[in-house]
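Sequential numbering of the sequence shown, starting at 0, is according to numbering that gives the first Met the number 0. We put the beta carbon where it would ideally sit given N, CA and C, even for glycine. First up is the structure itself, then whatever we jot down about it.
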Amino acid sequence: MSSEVDRAARVAMAGIRVAVIAAGIQGRALVSVTYYLTVTICNVPGAVVARAAGCTRQNVAKSVAHVEERREDPAFDRVLSGIEQAFGGADA
């Protein structure tokens with residue numbers, strides 16, 4: 000079961016990553032935003048995201064918290080809102 004869940008998380012992360020790249024997000028933010036959106040849009044637990052990404056749960060938690068802080072910037076928030084709407088999440 001765990002391997003199927005991890006595989007599904009990797010597929011979700013790959014799709015989200017494409018959307019994040021298309022939105023112009025690059026560098027370290029690309030990884031952080033991918034983790035954040037996988038957790039928030041797909042409701043994948045951080046521990047599963049960490050396993051699928053090959054990192055620690057703490058790394059995912061810090062990434063999610065960092066993106067939540069960055070959402071205070073209206074321009075960044077608009078970009079993320081657009082991605083969320085494209086995936087049918089966050090008040091789409």
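Requested in this report: Ignore the nearest five residues each way along the sequence and tell me which others in V19's own chain have a CB closer than 8 Å to its CB.
Outcome: As a position in the sequence shown, residue 19 is number 20, starting the count at 1. Contacts found: L29, V32, T33, L36 and I82.
Report task. Using the Cα positions of V66 and A13, report the straight-line distance between them to the nearest angstrom. Result -> Residue mapping note: residue 66 aligns to position 67 of the sequence shown, counting from 1. Residue mapping note: residue 13 aligns to position 14 of the sequence shown, counting from 1. Roughly 18 Å between the two C-alpha positions.
**Report entry** Contact set for V59: own chain, Cβ-Cβ below 6 Å, skip 5 residues either direction
**Finding:** Along the sequence shown, one-based indexing puts residue 59 at 60. Taken in chain order, the residues that qualify are Y34, G45, V48 and A49.
**Report entry** T39 - DSSP class collapsed to helix/strand/coil
**Finding:** What you label residue 39 is simply residue 40 of the sequence shown in a count that begins at 1. Helix, per DSSP.
Query raised in the report: Straight-line CA distance for F75 to S1?
Result: Your numbering for residue 75 matches position 76 in the sequence shown. Your numbering for residue 1 matches position 2 in the sequence shown. One C-alpha to the other measures close to 34 Å.
Requested in this report: Please name the residue in F86, E71 and S62 whose C-alpha comes closest to that of R27.
Outcome: Numbered from its first residue, the sequence shown carries residue 27 at position 28. Of F86, E71 and S62, the residue nearest in Cα terms is S62.
**Report entry** Rounded C-alpha distance that separates A51 from G87
**Finding:** Here residue 51 refers to the residue found at position 52 of the sequence shown. Here residue 87 refers to the residue found at position 88 of the sequence shown. Cα to Cα, A51 sits roughly 23 Å from G87.
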